[in-house]
Every structure is written in structure tokens, then in C-alpha cells.
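Using my numbering, read the sequence shown as starting at 304 and increasing by one per residue.
C-beta: ideal position from N, C-alpha, C; glycine also.
Quantities reported herein were computed from a predicted structural model and do not represent experimental measurements.
Take a look at the structure set out below.
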Amino acid sequence: MSGIDRICVVGAGGREHALAHTLARHADVVVTPGNPGMVAPSITVTAEPAEKIDADLFVIGPEVPLVDGLADRLRAGGRLVLGPGADGARLEGSKAWMKQMCARAGVPTARYGAFTEAGPALEFLEELSASGCSLVVKTDGLAAGKGVLVTDSREEAAQDVRAKLSGRTFGSAGSTVVLEEGLVGEEVTVLAVCDGRDFSLLPASQDHKRVGDGDTGANTGGMGAYSPVPHIAPAELDRAVKECVAPMLEALRADGIDYRGVLYAGLMLTGSGPRIIEYNVRLGDPEAEAVLPLLDGDVGAWLASAAAGTLAGDAPVSSEAAVTVVMCAEGYGTPDGPRTGDEISGLEEAGSLEGVTVFHAGTGRDAEGRFYTAGGRVLAVTARRSDLGAARDRAYEAVSRITWAGAHYRRDIGARALRREGAIK
Ligand code: AMP
Ligand code: GLY
304 MSGIDRICVV
314 GAGGREHALA
324 HTLARHADVV
334 VTPGNPGMVA
344 PSITVTAEPA
354 EKIDADLFVI
364 GPEVPLVDGL
374 ADRLRAGGRL
384 VLGPGADGAR
394 LEGSKAWMKQ
404 MCARAGVPTA
414 RYGAFTEAGP
424 ALEFLEELSA
434 SGCSLVVKTD
444 GLAAGKGVLV
454 TDSREEAAQD
464 VRAKLSGRTF
474 GSAGSTVVLE
484 EGLVGEEVTV
494 LAVCDGRDFS
504 LLPASQDHKR
514 VGDGDTGANT
524 GGMGAYSPVP
534 HIAPAELDRA
544 VKECVAPMLE
554 ALRADGIDYR
564 GVLYAGLMLT
574 GSGPRIIEYN
584 VRLGDPEAEA
594 VLPLLDGDVG
604 AWLASAAAGT
614 LAGDAPVSSE
624 AAVTVVMCAE
634 GYGTPDGPRT
644 GDEISGLEEA
654 GSLEGVTVFH
664 AGTGRDAEGR
674 FYTAGGRVLA
684 VTARRSDLGA
694 ARDRAYEAVS
704 RITWAGAHYR
714 RDIGARALRR
724 EGAIK
């Protein structure tokens, strides 16, 4: 026995369902606040706050409680926690601070400026625009992945800067805007499990951020993911880790920050080498739903070793592949926002397919046990198979069994990778 018999997962989305599902293989899992779809014999959902829960390990899923210092409060009470304290979580909580840290650590990233006033911001836009790159406008604070505009139009960028700074679109998260040069290349997510000194990588993955097929439409929290990423050469990933992951962890340590948790490196592999787009201080969502199902063995004991500052080697990673398709409610990815309350059918048929797990992200359940939609991203449907093509086929087979009024999802998750391999047209 590892001594990690009871694990508390903090969060309520698809990522936390994937964590609970993975950890429940070797431990009892309690999820706070969880969601009604997290149903399994060794999973319990509770409304009790984490501070009141007794567990051998706490795994904090989302960024908001991390930025808010939940890991510090739990550690102050003597608990074993995977997730950085508020000091490390600032890497995600403030893009401006993240950029300063990149400069100090020598991590390559996009040219940028941070502004609180429209005048200087618009001047900088002009300067960026003159260099011929696309323009990126971000909020400084947390905006659930939705605060980013990438555009070739200076006029659109300028309008967005004004809207964000006025507080109309993102409230106080937008009171500082970060303007960036648009990077061009292959985007990839690298997740490092860190113990404050050493780290170990999880399989690389790719998210699909835009709402529409072919990467069209608005940026969302993420419409699907797959792992591993076969068309990125191991040497390229190694370089990205050496240039963008290791030096940042060193810089944090040099600042006295004991980073024990997952460091998410959102990378662009450009023609002139890797560049960091963003760090997150947690597993990605939906990347977690594709990556965690590829881990075999006692994942809880392994994560506990990182939380204790004594990382025990690498995670046992399967050589198979996984594809996750996010199914969304009508209106998700549009200014109207999602419609909720639609009854979902076909969950059991989908979940009974071999290799398939249906993670719940935004569902509710009525007194008769029927599930209905209760958020924008409703389900993350994952299939693990021997290779990417088989995983993709199986994931979409599962998706085709699930229906509700207005359900939508991307039909091209993983397609670009398979096209690169010549496996599909
Ligand atoms: P972020 O919230 O910083 O991760 O941005 C969300 C998404 O916007 C990223 O995953 C990218 O697809 C895109 N993006 C952000 N910054 C840049 C950039 N500098 N160049 C190109 N795309 C970007
Ligand atoms: N999938 C992107 C994120 O979790 O921020």
C-alpha cells in the first residue's frame, strides 16, 4: 500500500472528473464541489470545502482556488497538496508577471507590452502591426481562456483594447491588457509534474481552442484534445522543455517559490524555435481528459511523491493514444452564452463502448436520475485505443450515441495530426 488511500480532488469540471476517475483505481476519492456526473463506487461528491475534508492527498484542479491560495491554506494545516501556492500560481494569475518571469528566466516568448491606458496601448499596436505580425490582445487577469483575441486587423484589435480597458467585457480582469505579437507554428501542450526541484513530463497533447472546425470562430476554453502528438519530433519537444520548462522552474526556485504541482507549458513551435504562449499552473482542460487516461499504475501515489517534494521517477505512460471530443451546449462559443436544461440521452450506450469514458463537465441530474445540460462544455468524451486513428474513430462513435437539443462539437479533433501522417485526407 502506498499510504495514499483517500484523495481529495478540488474542482467541478471534466478535468476533475478525469482526475477522480484515474485516482479512484487505487484510492477512495472525494471531490469538492464535484458534479453530478462523477458517479462511481469509489468516488464521492461533497459540498464541504477542502479545508474540512480529511484526505492523504489533495489535488487542486482549477486555477482560481490556486491563485486564491487554497494550496497554502491546506499546507498550513499540515496537508499534502499537489498544486502551487499563490506565489507560484501568479504565473497564470497575471500575464504581465509571467512575461517578467520569462525575461528573467531567459524563456523565449512573444514580444509584448502591458497597458492600463488606451493611448500607449494603441501606439504599441501600431508598432507591432508595422512589423507585419498578427495582433494578440489579452486580459492580464484570469478569463477562463476566453480573454484572448488573435487578429490581423488593427482596427479590430484597437476596438478590443478599448472594450477590455473600459471594463465592459471582462470587468477587473481586463483593467490591464497585454498586447502581443502573433506567433505562427504548431501549438502544443506540455505538462510537467513538479516537486519543487525535479519534474517529470506527461505525454504531449494538443488542444483545439476555437469553437469551429478548421480552427475558425471564437476562442473557447477548449473543444477537444488528443495525446500523444505524433508529428512533433522528440528532439523538438526536448528543446522546448530545455528552453521553456526547466529554466522557468529554476527561476521560480531562485525566487524562493517551492513549486509543487503541474506546470502547463502552452508552446508555439515556430520556425525559429519554441516560444511560450502561456503557463498555466494546473492540468489543462480538456488536455487532462486525454492525457490522464494514458497513465497506468498508481497515479495517486506518484502525484503524492511530487507533492511531498520527492518525485518518484516517471509516470507509467501507456504507448496507446487518446482522443477527447468536447460536446457543448447550444450557444457555447457565441456572445449569447450556452443554453442549459436540455435532457441528455445515450450516455450509457456511449460509455459502454470499449476504451471509452464519458467525463462530465457541465451536467445536472434530476430526481429521477436523468442528466441534463448545466454548462457550456457539457461532456468530454474520451477514447483510448492502440493508435490515434482508432482512438479518434472510437471517440466519434461514442459521441454519435449521445444527443440533446442543440448539442454541438468539433468534427476535426485530431484530424490534422492524422492528415500529417497521411492516415486520412
Ligand atoms: P492564452 O489564454 O494565452 O492561452 O491564449 C489562448 C489561445 O490564443 C492560445 O492557445 C493560442 O491559440 C492563442 N494565442 C495566444 N497568444 C498567442 C500568440 N502570441 N500568438 C499566436 N496565438 C496566440
Ligand atoms: N486547455 C487550455 C487550458 O486549460 O487553459
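Query	Result
Which full runs of the alpha helix (DSSP H) of 4+ residues lie inside the segment 643-711, going along the chain?	650-654 and 691-704
Could you tell me if Pro368 is buried or exposed, where buried requires 16 or more neighbouring beta carbons within 10 angstroms of its beta carbon?	buried
CA-CA distance, Asp375 and Gly388?	5 Å
Quick check on the DSSP output: the alpha helix (DSSP H) that includes Pro370 runs from which residue to which?	In the sequence on display, residue 370 carries Val and not Pro. Its alpha helix (DSSP H) spans residues Glu366 to Val370.
Roughly how many angstroms separate the alpha carbons of Val661 and Ala321, rounded to a whole number?	9 Å
Measuring straight from C-alpha to C-alpha, what distance separates Thr666 and Asp558?	41 Å
Please work out which residues of its chain come closer than 8 Å, Cβ to Cβ, to Ala694, disregarding the five sequence neighbours upstream and downstream, and give them in chain order.	Tyr529, Glu623, Ala624, Ala625, Val626, Gly658, Ala686, Arg687, Arg688 and Gly717
Do you know offhand how far Pro423's Cα is from Ala568's?	29 Å
Check Gly574 in the structure and name its three-state DSSP category.	coil
Less than 6 Å between C-beta atoms, sequence neighbours within five positions excluded: which residues of the same chain meet that for Leu394?	Met401, Tyr582 and Val584
What residue ranges within the segment 440-518 form continuous alpha helix (DSSP H) runs of no fewer than 4 residues, ordered along the chain?	457-468
How is the beta strand (DSSP E) around Thr335 delimited, first residue to last?	Asp331 to Pro336
Drop a sphere of 10 angstroms on the beta-carbon of Val313, count the other beta-carbons inside from all chains shown, and report buried for 16 or more, exposed for fewer.	buried
To the nearest angstrom, report how far apart Met304 and Ile363 are at their CA atoms.	Confidence in Met304 is poor, its pLDDT being 48 and thus under 50, which makes the residue's placement unreliable; the coordinate value appears in the next sentence. For Met304 and Ile363, the distance between alpha carbons rounds to 23 Å.
So is Gln403 buried or exposed if we call it buried at 16+ other beta carbons inside 10 Å?	exposed
Mind checking whether the beta-carbon of Pro589 lies closer than 7 Å to any heavy atom of the ligand GLY?	yes
On the three-state DSSP scale, how would you describe Ser608?	helix
When you compare only the Cα positions, how much space is there between Gly649 and Val410?	46 Å
Which whole-angstrom value is the C-beta distance of Thr325 and Thr335, which I expect to be below 8 Å?	In fact, because the Cβ distance is near 17 Å, the residues do not count as touching under 8 Å.
With 16 other CB atoms within 10 Å as the buried threshold, where does Arg382 fall?	buried
At the level of alpha carbons, what is the spacing between Leu452 and Asp357?	42 Å
Can you tell which of Lys398, Ala543, Glu483 and Gly380 has the C-alpha that lies nearest to the C-alpha of Leu431?	Glu483
Taking Met401 as part of the alpha helix (DSSP H), name the residues at either end of that continuous run.	Lys398 to Ala408
List the residues that DSSP assigns as beta-bridge partners of Cys631.	Arg680 and His711
Cβ atoms of Arg465 and Ala421: under 8 Å apart, would you say?	yes
Alpha helix (DSSP H) containing Gly422: first to last residue?	Ala421 to Ala433
So the candidates are Tyr635, Asn338 and Ile346; which of them puts its Cα closest to the Cα of Gly520?	Tyr635
Could you check the C-alpha separation between Tyr699 and Asp715 for me, to the nearest Å?	10 Å
Identify, in the order they occur along the chain, each residue of the same chain with its Cβ nearer than 6 Å to the Cβ of Leu606, setting aside the five sequence neighbours on each side.	Leu385
Exposed or buried, Ala433, counting other C-beta atoms within 10 Å across all chains shown (16 or more means buried)?	exposed
Can you tell me whether Val628 is buried or exposed, with buried defined as 16 or more other CB within 10 angstroms of its CB?	buried
Shortest alpha-carbon distance to Cys547 belongs to which of Ile560, Leu570, Ala536 and Pro531?	Leu570
Give every residue of the same chain whose Cβ lies closer than 7 Å to the Cβ of Gly615, excluding the five residues on either side of it in the sequence, and list them in chain order.	Note on residue identity: the sequence assigns Ala, not Gly, to residue 615. Cβ neighbours of Ala615 beyond the five flanking positions: Trp605 and Ser608.
Do Gly252 and Asp588 have their CB atoms nearer than 8 Å?	Residue numbering for the chain in the displayed model covers 304 to 728; residue 252 lies beyond these limits and cannot be assessed.
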